[in-house]
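Undergrad:
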Amino acid sequence: MREGPAHSASPLGPVTSRAFGVYVHVPFCAVRCGYCDFNTYAPGETEGATREGYVEAALAEIALSRAHMSGDTRQVSTVFFGGGTPTMLDTDALTAMLAAIDGAWGLAPGAEVSTEANPDSVTPESLVRLASAGFTRVSFGMQSAVPHVLATLERTHDPRNVERAVAWARAAGLAVSVDLIYGTPGETLEDWRTSLEAAIALEVDHVSAYALVIEPGTKMGVQLRRGQIEPTDPDTQADMYELADELLGAAGFDWYEVSNWARSAAQACRHNLGYWRGDDWWGIGPGAHSYLGPRPDAPARRWWNVKHPRAYAARLADGRSPEAEHEELTTEQVLVEDVMLRVRLAEGLSVATLSQEGRAQVAPLAADGLIDRDQAACGTVVLTRRGRLLADAVVRAVTP
Amino acid sequence: MPVDPRIDPAATAPDLIRNFCIIAHIDHGKSTLADRMLQCTGVVDQRQMRAQYLDRMDIERERGITIKSQAVRMPWTVEGEPIALNMIDTPGHVDFTYEVSRSLAACEGAVLLVDAAQGIEAQTLANLYLAMENDLAIIPVLNKIDLPAADPDRYAAELAGLIGCDPEDVLRVSGKTGHGVEALLDRIVRDIPAPVGEEDSPLRAIIFDSVYDTYRGVITYVRVVDGHLNPRDKIVMMSTRATHELLEIGVISPEPTVTKGLGVGEVGYLITGVKDVRQSRVGDTVTHAGAPATTSLGGYRDPKPMVYSGLYPIDGSDYPILRDALDRLKLNDAALLYEPETSVALGFGFRVGFLGLLHLEIVRERLEREYDLALISTSPNVVYRVEMEDGSEYTVTNPSEFPTGKVGIVHEPMVRATVITPSEYIGTVMDLCQQRRGTMDAMDYLSEERVEMRYRLPMAEIVFDFFDMLKSRTRGYASLDYEPQGEQAADLVKVDILLQGEQVDAFSAVVHKDAAYAYGVAMVSKLKELIPRQQFEVPIQAAVGSRIISRETVRAIRKDVLAKCYGGDISRKRKLLEKQKEGKKRMKNIGRVEVPQEAFIAALNTSDDLAAKAEKKK
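Here the protein sequences line up with chains X and W, keeping their order. The numbering used here puts the first residue of the first sequence at 30, with every later residue one more than the last. The numbering used here puts the first residue of the second sequence at 39, with every later residue one more than the last.
1. Would DSSP call W:Ile595 helix, strand or coil?
2. Between X:Arg31 and chain W, is there a C-beta pair that is closer than 8 Å?
3. When you compare each of W:Ala194, W:Ile244 and W:Cys78 to W:Val657 by their alpha carbons, which one comes out closest?
4. I'd like to confirm the pairing. Which residues does DSSP put opposite W:Met481 in its beta bridges?
5. Are the CB atoms of X:Thr114 and X:Val142 nearer to each other than 8 Å?
6. To which residues of the same chain is X:Gly82 closer than 6 Å at the C-beta, ignoring the five residues directly before and after it?
7. Give me, in chain order, the residues of the same chain whose beta-carbon lies closer than 8 Å to that of W:Arg270; leave out the 5 immediate sequence neighbours on both sides.
8. Please name the residue, chosen from X:Leu88, X:Ala71 and X:Arg61, that lies closest to X:Gly312 on a Cα-to-Cα basis.
9. What's the gap between the Cα of W:Met507 and the Cα of W:Tyr515?
10. Mind checking if X:Arg417 is an interface residue toward chain W, Cβ cutoff 8 Å exclusive?
11. Does DSSP classify W:Asp204 as helix, strand or coil?
12. Taking any Cβ of chain X, which residues in the stretch 593-609 of chain W have a Cβ under 9 Å from it, in chain order?
13. At the level of alpha carbons, what is the spacing between W:Glu450 and W:Val531?
14. Pull the bridge partners of W:His449 from the DSSP assignment, please.
15. Do X:Thr382 and W:Leu615 have their CB atoms nearer than 8 Å?
16. Just to confirm before moving on: does the CB-CB distance between X:Val285 and X:Leu241 stay below 8 Å?
17. In whole angstroms, give me the CA-to-CA distance for W:Pro47 and W:Arg261.
18. Against chain W, with Cβ distances strictly below 8 Å, would X:Thr102 count as a contact?
19. Can you list, in chain order, the residues of its chain with a C-beta nearer than 6 Å to that of W:Ser277? Leave out the 5 residues immediately preceding and following it.
20. Considering just the uninterrupted stretch of the beta strand (DSSP E) at X:Gly50, what are its terminal residues?
21. Determine which residues of the stretch 208-237 of chain X have a Cβ less than 7 Å from any Cβ of chain W, and write them out in chain order.
22. My assumption, with CB atoms under 8 Å, is that X:Gly377 sits in contact with X:Val411. Please give the rounded CB distance.
23. When Cβ atoms are compared, which residues of the stretch 613-625 of chain W fall closer than 7 Å to chain X?
24. Distance, Cα to Cα, W:Asp65 vs W:Ser212?
25. Using the DSSP secondary-structure output, state which residues sit across from W:Tyr376 in a beta bridge.
26. Could you work out which residue in W:Asp238, W:Leu396, W:Lys566 and W:Tyr432 is closest to W:His326 when comparing CA atoms only?
27. If the criterion is Cβ atoms closer than 8 Å, does the pair W:Ala164 and W:Gly147 meet it?
28. Between which two residues does the alpha helix (DSSP H) containing X:Glu357 stretch?
29. Using beta carbons (cut-off 8 Å, strictly below), is X:Gln239 in contact with chain W?
30. Applying a beta-carbon distance threshold of less than 8 Å, which residues of chain W neighbour X:Asp397?
31. Along the chain, where does the beta strand (DSSP E) containing W:Val550 start, and where does it finish?
32. Which bits of chain W does X:Asp421 rub up against, with CB to CB less than 8 Å?
33. When you compare only the Cα positions, how much space is there between X:Thr413 and W:Tyr357?
34. Could you work out which residue in W:Gln526, W:Gln77 and W:Thr380 is closest to W:Val542 when comparing CA atoms only?
35. Checking 8 Å against the spacing of the C-beta atoms, do X:Asp234 and X:Arg292 come in under that value?
36. Since W:Asp46 sits in a beta bridge, which residues does DSSP pair it with?
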């Protein structure tokens, strides 16, 4: 699963050593799920957050960002449409935005172009049209194969639609991934096994499995506070993670990031790898985050757009940046983030990038079984299965 | 207000002087009555009057208790004859029995002040006995007779029974309205004997209080017994043999007023320029350096801490502030004793000796309030004397230093406790005292409904949760007083608390053998709830020596990772990490186990509750 040494380059290295990706945030959903705290809007949730205004504004932001990056000759390695539900937009809107990105920066040869999709909002035709427009990959929000779990999550799709959608996507020549969620209130280990087995039976290329985090501002957060639902015990979530790694591994998937498994290194989501490797990316759309790493003349910068689609569109209609806030990162912060993100990857983190104190922790962590002993001996920090479940503790141990 | 020259300070004949104190329970209205006396005698006018003039410190004012006594001189005229009244204020709490005894020694009489709605309380009773042993004239007074709940007839009978007078002789006053206060002043003049002393003998004056003042240094309050104190005399403290030059002599009326001296029977203050109350100790006898008295007035005792506790700054970098703060408090508190101590669990701090739980709480509160310190205190403990089999002996002021090995006899301090309770709770109180290893000395009915019970109890039991239990089992009606009384040999053991095999010094306790198991189980299960899960399993054990008496396990944490970490999550996650790292710095390491300071505070919290409740002895 490991790629070449180019990826263990220092986050402070030359700009050209970093890949450049574009993320497009599509803030629309048919309904809002009970656990969702993303910046997304279901019909009726917001006045004037129209899809038409959105596409126009997003195209404007693409033009504006290209102008901002004039002088940067890098082409776009990866594009990712996320949300929300990008497939709530019609296919023409998606392909128009992709074309605009290609026109602005140029898509690099072999560029990865992904979109998230709801199994209910695709057709064989729409998937073919996406593929022919340059999309290479689709990620379906499957979440679970168990009806009571889907009901708790307030997912409206029929589990049988997933199977159909995956088949259409494969027929269209797209690489396919499914997202799963574990630890939903009421979900048993056996329920989870059912979902994993269903995902494996789909013969997809890639699986993401996320522990459900109930955020305070969500509907589920309220239910939790009122005692209407019970939070899942973290030990049960750990059991579920271990089961996922077990079953997916047995089915030929390798983990390449804490929550992500792929059939081969080539099937890993390169766009998301960019986040964990400290690459540069521009986030288009309301509430989207962007990051440009350190350059000779400027510190690393992260910023995020105004959240509301109408405010976002208004800014761009005025020719202004939709940026809401930003932060400039110190060298120390860049290094800390580098450790925090890379440690999640199977390709690991070079021991050489750690501080002296951090390096001193490597042997004890290996002795505790949190990082792989052999890899550590060869100068790379790679988490064991147990270590993946305690990744934050490992990060605390090796960062200053 | 012009004062009759016959009662000018330094020139008042002893027979025109009356020295008295007020014995009262907290909240029975002593300060209000004292204020009213200041007003009636014209020492303080209405406008100057601030409520409870005599209690100076904020803490005292808030708690309605008097810690430091002072003396006020008030003129009063009876049948055309001017009289100088010296009212010596006494501390009202159990921890300050010795200070009370010295205040009593400076008086010829005492006003026994009792709330007409509540009757006499245990501490008042103890002080009353002390006054009677000192042959003081007692004037029984019921206060707050204006209250609707007042039952003066009933409590007058109770007081009459106690001091052996006629219920008709019990005065009835209201400090609030002023009713009966003038009659009380007249009665003081009539019933309390004038002081007697030898004017021509060498000077002997008793120190009954000593207060540090930032600007003046130590202000020493004295009562002259024999001879005459003159400005610029050279004086000597008879117990310490320390010599001082007098810089100022005066009386308080109610502000300090310089005088030409103090004669036989007079009460006033002196300033020598010393900076530490240890150089001018309560109970000591002052005499002239040039012509010293041969014998002191007697009764001097070094203050002896009875209760110890470790005080630690929550923020370790506050240690120097804590040290300086203790150094400053010491200037005004001869009973405060401390030495540096290091705890594995709590870092750098001090082991501090106190007269009792209230003293502890007052010191702690002053440190927190006046020096802006956040402190953890370990559970208060008493002092043990441990004789080893090989004949060596240890004095243990910190349970974690209790000797191991061949322990011979352990001696623990004892108290003589007085409980006053409604008679329906006699059985309850007996049960409690028995559980706490007490033995009954005597029981007397104060009236049909109220009983005075006297017990001998280990002080450690009092310091633990005795008072709480007494209050809860008697629905708040019982009151308690105690004073140290010797020691006894007892079957005591040290219980240690171990985290993953490492002893946590702050949690060690010396307890009776029969209570060791209960302490161990309680502490271990409490810690189990407080110690966060680590990456490995953490056994929590209670042990007596090498024998484990209780065990719980904190299971290893299995999941400590955020599932997602994409674009928008990164800043948030970095900030979370920074916060966690900050929190980690505040963790204390016991071996490999990281324990948040909050866990120690919470585990030690019973001590706070205890001290807080001890303070509520009202």
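C-beta atoms are modelled at their ideal positions from N, C-alpha and C, and glycine is treated no differently.
TA: Looking at the atomic coordinates:
1. coil
2. Annotation note: pLDDT 41 at X:Arg31 (below 50); position unreliable, no value reported.
3. Past the boundaries of the shown model lies residue 657 of chain W; chain W is included only from 39 to 656, so the question cannot be answered.
4. W:Met491
5. No, Cβ-Cβ distance for X:Thr114 and X:Val142 is not below 8 Å.
6. Ala342
7. Contacts found: Glu283 and Leu284.
8. The shortest CA-to-CA distance from X:Gly312 to any of X:Leu88, X:Ala71 and X:Arg61 is the one to X:Leu88.
9. Going by C-alpha positions, W:Met507 is about 12 Å away from W:Tyr515.
10. yes
11. coil
12. Arg593, Ile595, Arg596, Lys597, Asp598, Val599, Leu600, Ala601, Lys602, Cys603, Tyr604, Gly605, Gly606, Asp607, Ile608 and Ser609
13. Taking the straight line from one Cα to the other gives about 12 Å.
14. DSSP lists W:Arg423 and W:Ala527 as partners of W:His449.
15. no
16. The identity of residue 285 of chain X in the sequence shown is Tyr, whereas the question assumes Val. No; because the gap between Cβ atoms is not below 8 Å, this pair is not in contact.
17. Using only the alpha carbons, I get a separation of about 13 Å.
18. So no, X:Thr102 is outside the interface.
19. Excluding residues within five positions, the ones whose Cβ falls inside 6 Å are Asp322 and Tyr338.
20. Phe49 to Val55
21. none
22. 4 Å
23. Leu615, Gln618, Lys619 and Lys622
24. 13 Å
25. W:Val390
26. W:Asp238
27. Not in contact: W:Ala164 and W:Gly147 (Cβ atoms no closer than 8 Å).
28. Segment Glu352 to Leu358 is the beta strand (DSSP E) holding X:Glu357; no alpha helix (DSSP H) there.
29. Looking at the sequence shown, residue 239 of chain X is not Gln but Tyr. With 8 Å as the cut-off, X:Tyr239 counts as an interface residue toward chain W.
30. Correct list: Gln573 and Phe574.
31. Looking at the sequence itself, residue 550 of chain W is His, so the reference to Val does not match. That run of the beta strand (DSSP E) goes Ala547 to His550.
32. Asp598, Val599, Leu600, Leu615 and Gln618
33. One C-alpha to the other measures close to 42 Å.
34. W:Thr380
35. yes
36. None; W:Asp46 has no bridge partner.
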